[in-house]
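This report concerns only the one structure given below.
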Amino acid sequence: MTEGDCLFCRIAAGDVPSDRVHEDDLVVAFRDISPVAPTHILLIPRRHIASAAELVEADGALIGRLVAVAGELARQEGIAEGGFRVVTNVGADAGQSVAHLHLHLLGGRRLSWPPG
Ligand code: DGP
Numbered sequence: 050m051t052e053g054d055c056l057f058c059r060i061a062a063g064d065v066p067s068d069r070v071h072e073d074d075l076v077v078a079f080r081d082i083s084p085v086a087p088t089h090i091l092l093i094p095r096r097h098i099a100s101a102a103e104l105v106e107a108d109g110a111l112i113g114r115l116v117a118v119a120g121e122l123a124r125q126e127g128i129a130e131g132g133f134r135v136v137t138n139v140g141a142d143a144g145q146s147v148a149h150l151h152l153h154l155l156g157g158r159r160l161s162w163p164p165g
């Protein structure tokens with residue numbers, strides 16, 4: 050997979066439209082096209098990383114930014130008090146369908162546990 054083939058790289062570059070809710074030098078966040086909760090936002094690094102399995106210690110600042118922005122967006126969306134979930138799927142068994150690292154920010158309804 051090269052950047053040119055990657056849907057989320059194209060969204061980060063602005064070549065594919067999305068409902069953006071945040072962008073900075075490292076991270077872009079946009080609403081999921083098929084939401085499964087009242088708030089369903091995807092947070093991605095601008096840099097192409099296939100999944101969380103590829104992260105190394107040197108990516109610590111990037112992960113910190115992704116998680117901090119998730120919390121910021123949860124507050125903005127009004128779901129921080131009630132509770133929310135941040136999750137990333139890795140590989141086929143977890144249901145990862147786009148091979149560019151993304152955090153799902155989910156909230157606005159009661160979320161079951163364990164996940165399916
Ligand atoms: P996952 O299954 O964990 O790889 O999540 C991929 C998510 O990406 C899934 O919830 C649907 C979302 N998605 C797929 N294509 C698009 C798109 O073109 N735009 C947006 N906004 N979301 C997309």
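Residues in the sequence shown are numbered from 50 upward in steps of one, following my numbering.
Glycine included, each C-beta is placed from N, C-alpha and C at the ideal position.
| Using a Cβ-Cβ cut-off of 6 Å (strictly less than) and excluding sequence neighbours within five positions of E126, which residues of its own chain qualify? | T88
| Span of the beta strand (DSSP E), counted from its first residue to its last, around R134 | F133 to V136
| said: Taking only three categories from DSSP, how would you classify R124? | reply: helix
| said: Measuring only the C-alpha atoms, how far is A101 from G131? | reply: 27 Å
| Nearest to L160 (by Cα), restricted to the options F133, R95 and D64 | F133
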